[in-house]
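One structure is given here, and the rest of the page talks about it.
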Amino acid sequence: MEEKTNCSDPQELMKKLKEPFAQEDIEWRVSHLIKKDGKPTAMVVAYLQNRAIQNRLDEVFSPFGWENEYREIHKGIICGISIFFNGQKITKWDGSDLTNIEATKGGLSASMKRAAVQWGIGRYLYDLDGQWATVNPNRKTSNDVYVNSKMKVGNKDEWVKGYFTPPPLPAFATPAGYRNNQGHKNPHRGGSEQQPENKRPQTNMNQSNSHPSGFNRKEAIREINKHERVIGLDQADKKIRFGLFKKSNPGTQTTNFQDASEKELENYYYSLQPVSNIVLVAQNNDIPLRHLLDISQIVIKEEVNELFNLFFKLDNVSVQEIISMIKADAQHSRNQQTA
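Under the numbering used here, think of the first position of the sequence shown as 1219, with each following residue one higher.
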């Protein structure tokens, strides 16, 4: 493979590799949850997705100036990222544990992220301390991250569902000239490709109960029906559809979908939305359903034989990771077709 980088100075190359990423390239994951001042509060940590790592390597070395490879070892998998510089191939390795389901595939993403750190990519994120973020029942900003996790309260586990606002990055963790928290774009919007958005339908579902006139039932059901069609629920047995509705609303006394309350419709909508989003992206990128299920299995680390296995198991982070893998696989297929 021929070296394509225009730079022959190793120090300059490392400087480019180590540059901080824009905030839209950073994802936030919940490390753990506690109750603070009576409210669920999350310790959140920043990390890079493989998409951003691949883009950085492409930018510095070109798509033809680097490669990666994987090796399975005892109880783990290692990734080697190689670059071609001054006629030499230089490789740095790191790895991660195997997963219980699809063990070899499950370690690919984590091992590549760690190998990238060996090259300095995203290494600065290790200098970021975990930060506390309050979990709110509703979105506060368009960039809020969905939380669906357990919290220990005494000797019991409580499920926490809601949203937290990603904390701003400090100056050392932002690119030169980047205006932190201003003009912050959604990392999966933009360009000409239509993307699903993790947001409420325009039905004013989140209106206060004191303003019931703000709720548009017809529009809410229309948005729900859109997600059902994408997933294929519109063709499913009505008992399956209503069973999912009831699982979205534990303890509901509603026996007819048309009699559902605003909150029940909202809960049902949010059970459909994550699955609908990844199916839509897979369809737009010509990814077969079976391959989508395989990708989802890698991300959530559970066996996934059908779409119904994904309900109530996807959060914003896992959805975006699945979308990133779908696009990477689609791009790889296109590259092979044109090679």
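Even for Gly, the Cβ is constructed at its ideal location relative to N, Cα and C.
Item, Value
"Bridge partners - Asp1315, DSSP secondary structure assignment", "Gly1294"
"Lys1236 versus Leu1498 - alpha carbon distance", "34 Å"
"Three-way DSSP call (helix, strand, coil) for Glu1237 in this model", "coil"
"C-alpha gap between Thr1359 and Gly1380, whole angstroms", "13 Å"
"Expected contact under 8 Å - CB spacing of Glu1521 and Tyr1487 to nearest Å", "Their Cβ separation, rounded to whole angstroms, is 26 Å, which puts Glu1521 and Tyr1487 out of contact at 8 Å."
"Bridge-paired residues (DSSP) for Ser1367", "Val1378"
"Top-ranked residue by Cα proximity to Lys1481, from Pro1355, Gln1515 and Thr1259", "Pro1355"
"Beta-carbon proximity list for Thr1352, same chain, < 7 Å, skipping 5 on both sides", "Lys1257, Thr1259 and Phe1382"
"7 Å Cβ shell around Ala1334 - same chain, five flanking residues per side excluded", "Ile1271, Ile1299 and Gly1340"
"Between the CA atoms of Leu1532 and Ala1264 - distance to the nearest angstrom", "19 Å"
"C-alpha gap between Pro1384 and Gly1305, whole angstroms", "43 Å"
"Asn1424 - DSSP class collapsed to helix/strand/coil", "Annotation note: pLDDT 37 at Asn1424 (below 50); position unreliable, no value reported."
"Buried or exposed (CB count within 10 angstroms, at least 16 for buried), Asp1375", "exposed"
"Sequence-distant residues of its chain with Cβ nearer than 8 Å to Asn1523 (five each side left out)", "Leu1511"
"Cβ pair Pro1238, Ala1391 closer than 8 Å", "yes"
"Cβ separation of Glu1585 and Val1535, assumed to be a contact under 8 Å, to the nearest whole Å", "Since the displayed the chain opens at 1219 and closes at 1557, residue 1585 lies outside it and no answer follows."
"Exposed unless 16 or more other CB atoms sit within 10 angstroms - verdict on Leu1507", "exposed"
"Alpha-carbon to alpha-carbon, His1250 and Val1363", "14 Å"
"Alpha-carbon to alpha-carbon, Val1371 and Lys1253", "8 Å"
"Rounded straight-line distance, which links the Cα of Trp1377 to that of Asn1366", "7 Å"
"Cα-Cα separation, Tyr1342 to Lys1331", "13 Å"
"Enclosing beta strand (DSSP E) for Arg1247 [first to last residue]", "Ile1244 to Lys1254"
"Sequence-distant residues of its chain with Cβ nearer than 6 Å to Arg1269 (five each side left out)", "Ser1542"
"Helix, strand or coil at Asn1503 according to DSSP, with G and I counted as helix", "coil"
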